[in-house]
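Engineer: Okay, handing you the structure first.
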Amino acid sequence: MNAPTRSTPIHAPMTQFAVANGELLIGGVPLTRLAARVGRTPFYAYDRQLLTQRVAELRAVLPPQVKLHYAMKANPMPALVCHMTKLVDGIDVASAGELQVALDAG
């Protein structure tokens, strides 16, 4: 039995990242250039401006008394945690190692 063909995507369009010359841009940088910097694939790439924008959008629709926390178990990468400390009210940690990363991030 043949699988039915899909005429529509199974997810919403992902328009948050720009495309130039057929290549995905993360933070305005072509993905191939990021891959060359990292030296291997796959890898995670985050756009700081997009993270900042999404947190601002979330805050705009929540009552001011709601405090936002970043759950470090989602991704404990120090550069990401450091950026998130500027955007949220606290960092949720679940281990001594995560606590140290949070303290180092400020």
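Under our numbering, the first residue of the sequence shown carries the number 1191, and numbering increases by one thereafter. Idealized CB from N, CA, C, for every residue including glycine. Just so we're clear, the structure is a prediction, and the values are computed from it rather than from any experiment.
So the alpha helix (DSSP H) Gly1287 belongs to, where does it begin and stop?
Structural biologist: Ala1286 to Ala1295
Engineer: Just to confirm my understanding: we take Asp1279, look at its own chain, exclude 5 residues before and 5 after, and list those with CB closer than 8 Å. What are they?
Structural biologist: Lys1257, Leu1258 and His1259
Engineer: Is the CB-CB distance between Leu1215 and Ala1208 below 8 Å?
Structural biologist: yes
Engineer: Are the CB atoms of Leu1277 and Thr1242 within a distance shorter than 8 Å?
Structural biologist: yes
Engineer: Which class does Pro1268 belong to by DSSP, given the choice of helix, strand or coil?
Structural biologist: helix
Engineer: Enumerate in chain order the residues of its own chain whose CB-to-CB distance from Pro1268 is below 8 Å, with the five nearest sequence positions on each side excluded.
Structural biologist: Val1291, Asp1294 and Ala1295
Engineer: Check whether the Cβ atoms of Gly1217 and Asp1237 sit closer than 8 Å, and answer yes or no.
Structural biologist: Their beta carbons are under 8 Å apart, which means Gly1217 touches Asp1237 by this criterion.
Engineer: To test your reading of the DSSP string, which unbroken alpha helix (DSSP H) runs of 4 or more residues are found completely within the stretch 1232-1270?
Structural biologist: The alpha helix (DSSP H) runs lying completely inside the stretch 1232-1270 and spanning 4 residues or more are 1238-1251, given in chain order.
Engineer: Per DSSP, what are the beta-bridge partners of Ala1210 in this structure?
Structural biologist: Per the DSSP secondary-structure output, Ala1210 pairs in a beta bridge with Glu1213.
Engineer: Counting C-beta neighbours from all protein chains within 10 Å, is the total for Val1271 16 or more, i.e. buried, or is it exposed?
Structural biologist: buried
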